[in-house]
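The sequence shown: position 11 = 11 (UniProt numbering), numbered continuously. Below is one structure; the comments refer to it alone.
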Amino acid sequence: MNLHKIMEAAQGMQAKMAEAQGKLDNLEVQGQSGGGLVSVTASARGRIVRIGIDPSLIVPDDKEMLEDLLVAAINDARAKGEELAQSEMAKLTQGLPLPPGMKLPF
1 MNLHKIMEAA QGMQAKMAEA QGKLDNLEVQ GQSGGGLVSV TASARGRIVR
51 IGIDPSLIVP DDKEMLEDLL VAAINDARAK GEELAQSEMA KLTQGLPLPP
101 GMKLPF
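The structure is reproduced here in structure tokens:
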């Protein structure tokens, strides 16, 4: 391949990467804790969209438990979002001669 074709391919990949990044902000995942009593919906890029708390958990004397459940649900949503983002990026880079373990975007 000549340098011109390589540059064209790189520009095409850059445009596809930007499109994929935009798409990830519209894909949503849901993290849960407490058997579903706390839920967090986030974009695949990690933006928190909404939080749901079952009314039975709103007990002023047990604030720490609710805080722990929120943290657990947020971390669950974040992990699921990262997994979805990696899956979507893998579709984009399928067929590219990348070294093993190399992830995009760089």
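Just so it is clear, CB atoms sit at the ideal spot from N, CA and C, and this is done for glycine as well. The structure displayed is predicted, hence computed values, not measured ones.
Who does Ser33 pair with in a DSSP beta bridge? For Ser33, which the question treats as bridged, DSSP gives the partners Val38.
Under 8 Å by Cβ, that's how I've got Ala77 and Ala42 pegged, so tell me the actual separation to the nearest angstrom. Contact flag correct, Cβ pair sits at about 4 Å.
Please report how far the alpha carbon of Arg45 lies from the alpha carbon of Ser87, in whole angstroms. Between Arg45 and Ser87, the C-alpha separation is close to 12 Å.
Count the other CB atoms within 10 Å of the CB of residue 139; is the residue buried (16 or more) or exposed (fewer)? This structure cannot speak to residue 139, because the chain is shown only from 1 to 106.
Can you grab the Cα-Cα spacing for the pair Phe106 / Ile58, in whole Å? In this prediction, Phe106 has a pLDDT of 44, which is less than 50 and means its spatial position is unreliable; what the coordinates show is noted afterwards. If I take the Cα positions, the gap works out to 43 Å.
From this set, Lys63, Asp62, Gln32, which residue's C-alpha is nearest Ile51's C-alpha? Comparing Cα-Cα distances from Ile51 to each of Lys63, Asp62, Gln32, the minimum goes to Gln32.
Is it buried or exposed for Gln11, if we count other Cβ within 10 angstroms and need 16 for buried? It counts as exposed.
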